[in-house]
Amino acid sequence: MIDHKMKYPILRAIFLLGLFLNTIGFLTRAQSIGQTQADSYTQYILLDPTTHQFQIIYDVSATTAGAQFYYNTLRKGSAHEVTAVYDRMTGLPLEWKIVSGNIAQKNGYAQAEAAGEYLQIALARPIPEGGEARVRIDKTYTDSSSYFKTGEQIVFSRTLGIKRNSVVLPAGYELISCNYPSQVMLTAEGQLKLSFMNRGVGAVPYEIKARLLAKPAVELATKDPLPWTTTTTPSSNSPDQSKARLDYQPSERAFQDREIVYFLQQPETHSFRLYHDYTESRVGIDSYLNIVREGSKASNPSAYILDTGQKLIVETLKGDAIAAKGIKLGASVTPETEVVAIWFDAVKEGQSVRLRIEETYTDPNRYLLYNGELVWDRSFGRNQNTVILPQGWYLTTNSIPAVISETETGEISLFYMNDRPDNVDVFIRGRRRE
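Per my numbering: the sequence shown = residues 12 to 445.
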């Protein structure tokens, strides 16, 4: 029997010992797993070509639960200068320093090369289980092998491992070639920006060539009159006004970080569980509204903030209950209109919040069993989508090119990266394994 005078100190010592051993075990597991990350996006801003310099803005989400640091590899062969690192949730600067590979390994980054150099970033808060720490890194590289002049042309040629990228040309330059399918748009400063998404699994040798315009670009002071405004009576030669999107401004597809994963249940149920990651950065916004597609039913919704792990209030509203909450959808609301509303603290200037929204959908029109086969026929609007077949099924048909793999538990996974600014209609068939 333990003497009552000794009971509590001994219990306290046992508790502290257990806590210590648990912490050591957690750190050992984290070190063996190594660093994990998601949602990477890189923007290269080409500076004066005679300097061989380009600014890099790198957005990334650290996802190793419990990690105190995030490590960014400083590429060999490039002289680097780090300007700042920011926490994207608060917009506040983070502490950082450049360390050797040995130090990075010692601090828990198992993948670090001993001879390498790494940017060690102290995270603003511990990464919650299943959550993220979103970081923005601002640095400048000098690299004459990646960015140089040849005659009258400038060349940016670099192997890119990140899946979402953009390159901004120096002011006054026109694009003359690009070796991978890319969007092209004009920035507010009048510079050309190329944006591209790598659909494959490996890095790609991305190359851009440009040359200086003979005359600098000038802003359009006035708009040219449209052909059909020159006469009061339209003629047979007048263009159809609906065919040209005259003031259309495309959004940068690669920068969009909305992604969705569908976990298909057995097709007899017509149901699939999904989670959807979404970043809100508009000042004053305090909710996310998911309008349930006609013919579908949503159930068991939940949501939390990936940055902190905080669970959010979620409501499923239908018909008159939508207006009663002061929600304006911008479309007519019928008794059958259904909305899943997620509430959070209003976003402040310079800040953002990243949500993970989970729910189960039932849609017999788009997911069903037909002649013994699983059939999935659904439109995707986001740039990153994953469909995971139910346990025990194999793939027989897939209409839209996808990266196909097997999950750790043996299900077939299809990843669709849509770099176009429009929807794709995905059609899948599958059969049961014997």
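Each residue gets a CB set at the ideal place from its N, CA and C atoms; glycine is no exception.
In this text, all values refer to a predicted model and were calculated from it rather than measured experimentally.
Can you check which of these residues, the options, is closest to residue i by C-alpha distance?
i: Tyr120; options: Pro278, Asp258 and Gly45; result: Gly45
i: Tyr262; options: Arg169, Glu445, Leu205 and Gly295; result: For the sequence presented, residue 262 should be read as Ser rather than Tyr. Measuring from the Cα of Ser262, the nearest candidate turns out to be Leu205.
i: Val356; options: Ile316, Gly330, Asn376 and Val344; result: According to the sequence as given, residue 356 is Asp; it is not Val. Among Ile316, Gly330, Asn376 and Val344, the Cα nearest to that of Asp356 belongs to Ile316.
i: Gln260; options: Thr198, Glu360 and Thr319; result: Thr198
i: Glu419; options: Leu257, Leu406 and Gln402; result: Gln402
i: Leu328; options: Pro312, Tyr52, Gln321 and Val71; result: Pro312
i: Lys359; options: Gly295, Leu180 and Gly337; result: Gly295
i: Glu124; options: Thr47, Ala115 and Thr74; result: Ala115
i: Gln202; options: Ile148, Tyr55 and Phe266; result: Tyr55
i: Phe266; options: Trp107, Met428, Glu106 and Ala255; result: Met428
i: Ser307; options: Phe80, Gln276 and Asn376; result: Asn376
i: Arg293; options: Tyr286, Ser363 and Thr348; result: Ser363
i: Ala352; options: Pro181, Ala76, Lys336 and Gly127; result: Lys336
i: Arg136; options: Phe438, Tyr286, Ala76 and Arg444; result: Ala76
i: Asn396; options: Tyr378, Pro192 and Tyr286; result: Tyr286
i: Glu291; options: Pro216, Arg145, Gly213 and Ser310; result: Arg145
i: Gly88; options: Ala73, His63 and Pro104; result: His63
i: Arg442; options: Asn382, Asp388, Glu370 and Leu300; result: Asn382
i: Thr371; options: Phe274, Phe438 and Arg365; result: Phe274
i: Ala334; options: Leu323, Val325 and Pro346; result: Pro346
i: Arg86; options: Thr74, Ile67, Pro104 and Lys117; result: Ile67
i: Asp374; options: Ile271, Pro216, Ser310 and Thr53; result: Ser310
Does residue i pass the burial test, meaning 16 or more other C-beta atoms within 10 Å, or should it be called exposed?
i: Leu425; result: buried
i: Pro432; result: exposed
i: Leu400; result: buried
i: Ser43; result: Model confidence at Ser43 stands at a pLDDT of 44, short of 50, so the residue's coordinates are unreliable; what they give is reported in the following sentence. With fewer than 16 Cβ atoms within 10 Å of its Cβ, Ser43 is classed as exposed.
i: Pro278; result: buried
i: Pro412; result: exposed
i: Gln122; result: exposed
i: Ile109; result: exposed
i: Lys226; result: exposed
i: Glu143; result: buried
i: Pro60; result: buried
i: Asp258; result: exposed
i: Asn434; result: exposed
i: Phe37; result: Any reading at Phe37 must be qualified, since the residue scores a pLDDT of 41, below 50, and its modelled position is unreliable; the value itself is stated next. Looking at its Cβ environment, which holds fewer than 16 other Cβ atoms inside 10 Å, Phe37 is exposed.
i: Trp107; result: buried
i: Ser177; result: buried
i: Ile35; result: Unreliable placement is indicated for Ile35, whose pLDDT of 41 sits below 50; no coordinate value is reported for it.
i: Asn190; result: exposed
i: Ser72; result: buried
i: Leu300; result: exposed
i: Lys150; result: buried
i: Arg389; result: buried
i: Met17; result: The predicted model places Met17 with a pLDDT of 35, which falls under 50 and marks its position as unreliable, so this point remains unresolved.
i: Asp331; result: exposed
i: Ile148; result: buried
Our contact map puts residue i next to residue j with C-beta atoms below 8 Å; I'd like the distance itself, whole angstroms only.
i: Met208; j: Asn394; result: 7 Å
i: Leu385; j: Trp354; result: At roughly 36 Å, the Cβ-Cβ gap does not stay under 8 Å, so Leu385 and Trp354 are not in contact.
i: Tyr129; j: Thr84; result: 6 Å
i: Asp268; j: Arg367; result: No, Asp268 and Arg367 are not in contact; Cβ-Cβ is about 12 Å, not under 8 Å.
i: Phe80; j: Gln131; result: 5 Å
i: Glu349; j: Val414; result: In fact, because the Cβ distance is near 33 Å, the residues do not count as touching under 8 Å.
i: Leu173; j: Ser51; result: According to the sequence displayed, residue 173 carries Ile and not Leu. At roughly 5 Å, the Cβ-Cβ gap stays under 8 Å, so Ile173 and Ser51 are in contact.
i: Ala90; j: Thr170; result: That belief does not hold up - the Cβ atoms of Ala90 and Thr170 are roughly 18 Å apart, past 8 Å.
**Study point:** Entirely enclosed beta strand (DSSP E) segments - the segment 116-184, minimum 3 residues
**Key:** 128-133, 144-153, 158-161, 164-171 and 175-179
Review point. On the three-pair Cβ rule with 8 Å, is the segment 177-190 touching the segment 217-226?
Key: yes
Check your understanding: Can at least three beta-carbon pairs, one atom from the segment 273-285 and one from the segment 98-109, be found at a separation below 8 Å?
Key -> no
Point to revise | Cβ contact check for the segment 159-167 and the segment 340-352: 3 or more pairs under 8 Å | key: no
Point to revise | Whole beta strand (DSSP E) elements within the segment 302-332, 3-residue minimum | key: 308-316 and 324-329
Point to revise | 3-residue-minimum beta strand (DSSP E) runs that sit fully inside the segment 248-304, ordered along the chain | key: 270-275, 282-291 and 298-302
Exercise for review: List in chain order: all unbroken beta strand (DSSP E) runs of 3+ residues lying wholly within the segment 357-405.
Suggested key: Correct list: 364-373, 378-381, 384-391 and 395-399.
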